[in-house]
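Input: a single structure, listed below in C-alpha cells.
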Amino acid sequence: MLKPLGDRVIIELVEEEEKTASGIVLPDSAKEKPQQGKVVAVGSGRIADNGAKITPEVAEGNTVVFAKYSGTELKYQGTEYLILREDDILAVIG
Amino acid sequence: MLKPLGDRVIIELVEEEEKTASGIVLPDSAKEKPQQGKVVAVGSGRIADNGAKITPEVAEGNTVVFAKYSGTELKYQGTEYLILREDDILAVIG
Amino acid sequence: MLKPLGDRVIIELVEEEEKTASGIVLPDSAKEKPQQGKVVAVGSGRIADNGAKITPEVAEGNTVVFAKYSGTELKYQGTEYLILREDDILAVIG
Amino acid sequence: MLKPLGDRVIIELVEEEEKTASGIVLPDSAKEKPQQGKVVAVGSGRIADNGAKITPEVAEGNTVVFAKYSGTELKYQGTEYLILREDDILAVIG
Amino acid sequence: MLKPLGDRVIIELVEEEEKTASGIVLPDSAKEKPQQGKVVAVGSGRIADNGAKITPEVAEGNTVVFAKYSGTELKYQGTEYLILREDDILAVIG
Amino acid sequence: MLKPLGDRVIIELVEEEEKTASGIVLPDSAKEKPQQGKVVAVGSGRIADNGAKITPEVAEGNTVVFAKYSGTELKYQGTEYLILREDDILAVIG
Amino acid sequence: MLKPLGDRVIIELVEEEEKTASGIVLPDSAKEKPQQGKVVAVGSGRIADNGAKITPEVAEGNTVVFAKYSGTELKYQGTEYLILREDDILAVIG
Chain A
1 MLKPLGDRVI
11 IELVEEEEKT
21 ASGIVLPDSA
31 KEKPQQGKVV
41 AVGSGRIADN
51 GAKITPEVAE
61 GNTVVFAKYS
71 GTELKYQGTE
81 YLILREDDIL
91 AVIG
Chain B
1 MLKPLGDRVI
11 IELVEEEEKT
21 ASGIVLPDSA
31 KEKPQQGKVV
41 AVGSGRIADN
51 GAKITPEVAE
61 GNTVVFAKYS
71 GTELKYQGTE
81 YLILREDDIL
91 AVIG
Chain L
1 MLKPLGDRVI
11 IELVEEEEKT
21 ASGIVLPDSA
31 KEKPQQGKVV
41 AVGSGRIADN
51 GAKITPEVAE
61 GNTVVFAKYS
71 GTELKYQGTE
81 YLILREDDIL
91 AVIG
Chain X
1 MLKPLGDRVI
11 IELVEEEEKT
21 ASGIVLPDSA
31 KEKPQQGKVV
41 AVGSGRIADN
51 GAKITPEVAE
61 GNTVVFAKYS
71 GTELKYQGTE
81 YLILREDDIL
91 AVIG
Chain R
1 MLKPLGDRVI
11 IELVEEEEKT
21 ASGIVLPDSA
31 KEKPQQGKVV
41 AVGSGRIADN
51 GAKITPEVAE
61 GNTVVFAKYS
71 GTELKYQGTE
81 YLILREDDIL
91 AVIG
Chain C
1 MLKPLGDRVI
11 IELVEEEEKT
21 ASGIVLPDSA
31 KEKPQQGKVV
41 AVGSGRIADN
51 GAKITPEVAE
61 GNTVVFAKYS
71 GTELKYQGTE
81 YLILREDDIL
91 AVIG
Chain Z
1 MLKPLGDRVI
11 IELVEEEEKT
21 ASGIVLPDSA
31 KEKPQQGKVV
41 AVGSGRIADN
51 GAKITPEVAE
61 GNTVVFAKYS
71 GTELKYQGTE
81 YLILREDDIL
91 AVIG
C-alpha cells in the first residue's frame with residue numbers, strides 16, 4: 001500500500017478509452033491539457049503557516065481532473081499511479 | 001458535473017459573436033487581453049495562511065472577465081470549459 | 001457595469017490632451033513611465049494572510065497615477081478601461 | 001497635490017549642485033549608486049500580513065538617500081518627482 | 001551516527017534488485033522518476049511561521065518513495081545515504 | 001548625520017591595511033568574499049509579519065564582517081560608507 | 001572572536017585527511033556534495049514571522065555535514081572558517 005504524505009494525493013490513471021467514454025475530450029490547443037484519474041489515497045493534509053493541518057477536499061474514490069505534467073509517476077505492483085499535490089487537482093467529476 | 005477544488009472556478013466560454021454583442025471589444029494592443037465567460041461552478045474557496053477558508057466573491061451565473069491564457073481548458077460532455085483560480089478573474093459584468 | 005474583484009480597481013484612461021492640461025508631463029527617460037486615469041470602480045479589497053479584508057485606499061472618482069504597462073486593458077460599451085491591482089496605483093491626484 | 005498610496009513616498013529630486021553642497025559625493029564604482037531627495041508626501045503605510053498598518057518612519061521634509069533606479073519618475077505642475085516605496089529609502093540625512 | 005536537523009530525513013538507498021522485488025518499477029517516461037529508500041533517521045521537524053514545531057509524518061524504519069534528484073548524497077561508514085527534506089518524500093510504502 | 005531606516009545598518013569601511021592587521025585574510029577562492037567594517041549607525045529594526053519591530057543585534061561601534069557586494073556605497077562629508085540590511089551582516093568581531 | 005548573527009553558524013573546516021578517517025567518503029556523482037566541519041560559534045537564532053526567536057539545534061563543538069558551496073569562507077587569525085545559515089546544515093555526526 002502507498003500512503004501519500006502531507007498534501008499529496010495518489011491517482012490511478014484512467015485509460016484513454018475510458019476517458020472518452022466519461023465525456024472528457026481534450027481540446028486541440030496550446031494550453032496546458034488536463035488529465036483524468038481516480039483518487040486511490042489521500043495524505044493527511046497540508047500544514048498551514050500557523051501549524052494547523054488543513055483537511056483535504058478530495059477523497060478516495062473521487063474521479064478528478066488535473067493538469068498534465070503535474071506530479072510524479074510510479075508503477076507499484078503492476079499499476080501505474082501519479083502522486084501529486086492536492087492543489088494540482090482542478091476539479092472532481094461526479 | 002464538474003466540482004472545482006479550493007479557489008478554482010469553472011467558466012463556460014462565451015462565443016466571439018456573443019462577446020461583441022455584450023459590448024466588450026478587445027483593443028488591438030500588445031497588452032494581455034481579457035476574455036469573457038460565464039461562471040458555472042465555484043470551489044469552496046482559498047485557505048488563508050492561518051487555515052481559515054475565504055469565501056469566493058464570484059457566484060454561479062456571473063459573467064466574468066479574465067486574463068487570456070489563464071487557467072486550463074477542458075471539454076466535458078461536449079461543452080468547452082476553462083478552470084481558473086478566482087484571483088485570475090478581473091471583474092464581474094452585470 | 002464592471003465590478004472588479006478583490007484588490008482590483010477599474011480605471012478610465014484619461015486622454016493625452018487632458019493629461020497635459022492636468023499638469024503631468026512624462027519625462028523623457030528610460031524609467032518606467034506613469035500614466036493617469038480616473039477610478040470608476042473599486043473591488044472589495046485584498047485579503048490579508050490572516051483572512052481579514054483590507055479596505056482599499058482609493059475611491060470611485062479619484063484621479064490616479066499608475067505605472068505604465070500595469071494591468072489589463074478592455075473596452076466595454078465603447079469606453080476603454082484598465083483593470084489593475086490597487087498596489088499598482090502610485091498616487092492619487094487632488 | 002499628489003497623495004501617495006500605501007507604503008509609497010513622493011520625493012522631490014535634489015539638483016546635482018545642491019547634492020555636492022550637502023556633502024554627498026557618489027563614488028565611482030560598479031555598485032548601485034544612491035541618490036538624494038526631499039520627501040514631499042508620505043503614504044499611510046504598508047499593511048502587515050495580519051492586516052495592521054505600519055506607520056512610516058520617514059516624514060515630510062526629510063532629506064533622504066535612496067538607491068538609484070528605484071521608483072517611478074513623474075513631472076507634476078512643472079516639478080520632477082520620484083514615487084518609491086519606503087523600503088527603497090536607505091537613510092535620512094540630518 | 002548521523003542526526004538530521006529540522007525537517008531533514010536520512011534515507012538508506014534501496015538496491016535496484018530489492019526495489020524490483022518490492023514491486024516498484026519506474027516507468028519509462030520523461031517525467032521526474034521516483035526512488036525508494038528506508039528512513040534511518042528523522043529530524044525534530046520543521047518550524048512553522050509562528051515558531052511552532054511540526055512533528056514529522058515519517059518515522060525510522062519506513063520505506064519511502066521520493067523524487068529522484070532530491071537531497072544530498074553522502075557515504076558514512078561505508079553506507080550510502082541520502083539526506084532530504086520531509087516534503088521531498090512522496091509516500092510511505094507499507 | 002545619516003540615520004538608516006528599518007533593518008538598514010551603516011558601515012564605515014575598514015582600510016585594507018587595517019583589515020590585515022585585525023587578522024582577517026580573504027582566502028583566494030571562487031566563493032563570495034567577506035568584507036569588514038565598523039557599524040556607525042543602526043536603523044530601528046525590521047518589522048515582523050505581524051507588525052512587531054525586531055530589535056537589531058548589531059550596535060554602533062561593532063566591527064562586522066559582511067558579504068562583499070552587499071548594500072549600497074555612498075560618500076558623506078568625505079567618508080565612504082556602506083548601507084546594508086542587518087541580515088547581510090555575517091558576524092561581529094570582538 | 002567571531003560572533004555570528006541571527007541564524008548564522010561558524011564552522012571550522014575539517015581537513016580532507018581527517019574527513020576520510022571519520023568515515024565520510026563523498027560519492028563520485030553529479031549531485032551536490034556534502035562537506036564536514038566543526039561548529040565553533042552559533043548565532044542567537046532565526047526570528048519567526050511572528051517575531052519569536054527560534055533556538056538553534058546545533059551547538060558549539062558539534063561536527064556537522066553541510067552542502068558544499070553553502071555560506072561564505074573567511075580566514076580569521078590564521079584559521080579558515082565558513083559562515084552559513086543553520087538551515088544549510090544537513091546533519092550532526094556523533
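Chains as they are written, first to last, in the UniProt record's numbering: chain A, 1 to 94; chain B, 1 to 94; chain L, 1 to 94; chain X, 1 to 94; chain R, 1 to 94; chain C, 1 to 94; chain Z, 1 to 94. Ideal Cβ positions, reconstructed from N, Cα and C, are used throughout, including at glycine. As the structure is a prediction and not an experimental result, all values here were calculated from the model.
*Output, in chain order, the set of chain A residues within a Cβ distance shorter than 7 Å of ASP7(R).*
The contacting residues do not exist; ASP7(R) stays about 11 Å from chain A at best.
*For SER44(A) versus GLY71(A), is the C-beta spacing smaller than 8 Å?*
Contact annotation: SER44(A) and GLY71(A) have beta-carbon atoms that are not nearer than 8 Å.
*Please classify GLN77(C): is it buried, with 16 or more other beta-carbons within 10 angstroms of its beta-carbon, or exposed?*
It counts as exposed.
_Nearest-angstrom Cβ-Cβ length linking ILE10(X) and ALA91(L), presumed shorter than 8 Å_ = The pair is a contact, with the Cβ atoms about 7 Å apart (cut-off 8 Å).
*asked:* Rounded to the nearest angstrom, what separates THR55(Z) and ASP49(Z) at their Cα positions?
replied: Straight through space, the alpha carbons of ASP49(Z) and THR55(Z) are spaced by roughly 14 Å.
*asked:* Tell me the DSSP secondary structure of GLU57(C) in three-state form.
replied: DSSP places GLU57(C) in the coil class of the three-state scheme, outside both helix and strand.
_Alpha carbons only, please: which of LEU82(B), MET1(B), LEU2(B), LYS3(B) is nearest the one belonging to VAL64(B)?_
Taking VAL64(B) as reference, the option from LEU82(B), MET1(B), LEU2(B), LYS3(B) with the minimal CA-CA separation is LEU82(B).
*Is any beta-carbon of chain B found at less than 8 Å from that of LEU74(L)?*
At least one beta carbon of chain B lies nearer than 8 Å to the beta carbon of LEU74(L).
_On the CB-based measure, 16 or more other CB atoms within 10 Å of its CB, does GLY37(A) come out buried or exposed?_
Buried, by the Cβ-count rule.
*8 Å Cβ cut-off: residues of chain B touching PRO4(A)*: Correct list: empty, because the minimum Cβ distance to chain B is about 16 Å.
_Short CB-CB distance (under 8 Å) between ASP49(A) and chain R_ = ASP49(A) counts as touching chain R.
_Neighbouring residues, chain B, relative to ILE83(L) (Cβ below 7 Å)_ = Within 7 Å Cβ-Cβ: LEU90, ALA91.
*asked:* On the DSSP letters alone, give me the boundaries of the beta strand (DSSP E) that GLN35(A) sits inside.
replied: From DSSP, the beta strand (DSSP E) with GLN35(A) extends over 34–42.
*Outcome for ALA59(Z) when other beta-carbon atoms lying within 10 angstroms are tallied against a minimum of 16*: With fewer than 16 Cβ atoms within 10 Å of its Cβ, ALA59(Z) is classed as exposed.
*Test: ILE10(R) CB closer than 8 Å to a CB of chain Z*: By this cut-off, ILE10(R) is an interface position.
_So the candidates are GLU57(R), ASP87(R), ARG85(R), LEU74(R); which of them puts its Cα closest to the Cα of GLU12(R)?_
For GLU12(R), the nearest C-alpha among the options comes from LEU74(R).
*Indicate whether GLU57(R) and GLU80(R) have their beta-carbon atoms separated by less than 8 Å.*
Going by C-beta atoms, GLU57(R) is not nearer than 8 Å to GLU80(R).
*VAL39(L) to GLY61(L), Cα distance in whole Å?*
The alpha-carbon atoms of VAL39(L) and GLY61(L) are separated by roughly 5 Å.
*Compute the minimum distance between the beta carbon of ASP88(C) and the heavy atoms of the ligand MG, and state whether it is under 7 Å.*
Judged by which ligands are present, the structure shown has none, so any question about the ligand MG falls away.
_Option nearest GLN35(B) by Cα separation, candidates GLY94(B), VAL42(B), PHE66(B), LYS3(B)_ = Per the Cα distances, PHE66(B).
*Decide if ALA21(C) is buried, meaning its Cβ has at least 16 other Cβ atoms within 10 Å, or exposed.*
Any reading at ALA21(C) must be qualified, since the residue scores a pLDDT of 49, below 50, and its modelled position is unreliable; the value itself is stated next. Exposed, because fewer than 16 other Cβ atoms sit within 10 Å of the Cβ of ALA21(C).
_Less than 8 Å between the beta carbons of ALA52(X) and LYS3(X), yes or no?_
In this structure, the beta-carbon distance from ALA52(X) to LYS3(X) does not fall below 8 Å.
*Taking 8 Å as the CB-CB cut-off, is ALA52(R) touching chain A?*
By this cut-off, ALA52(R) is an interface position.
_CB contact below 8 Å: VAL42(L) versus chain X_ = Cβ-Cβ to chain X under 8 Å: no for VAL42(L).
*Give the interface partners of GLY45(B) over in chain L, defined as CB-CB distance under 8 Å, in chain order.*
GLY45(B) does not reach chain L, its nearest Cβ partner there being about 10 Å away, counting only Cβ pairs nearer than 8 Å.
*Could you tell me which residues DSSP puts in a beta bridge with LYS3(A)?*
Beta-bridge annotation (DSSP): LYS3(A) is paired with VAL92(R).
_ALA59(R) at chain A interface by Cβ criterion, 8 Å_ = Using beta-carbon distances, ALA59(R) does not count as an interface residue toward chain A, since no partner is under 8 Å.
*Can you name the residues that DSSP bridges to VAL64(C)?*
Looking at the DSSP assignment, VAL64(C) forms a beta bridge with GLY37(C), VAL92(C).
*Alpha carbon to alpha carbon, what distance is there between LEU84(X) and VAL14(L)?*
Approximately 23 Å between the Cα atoms of the pair.
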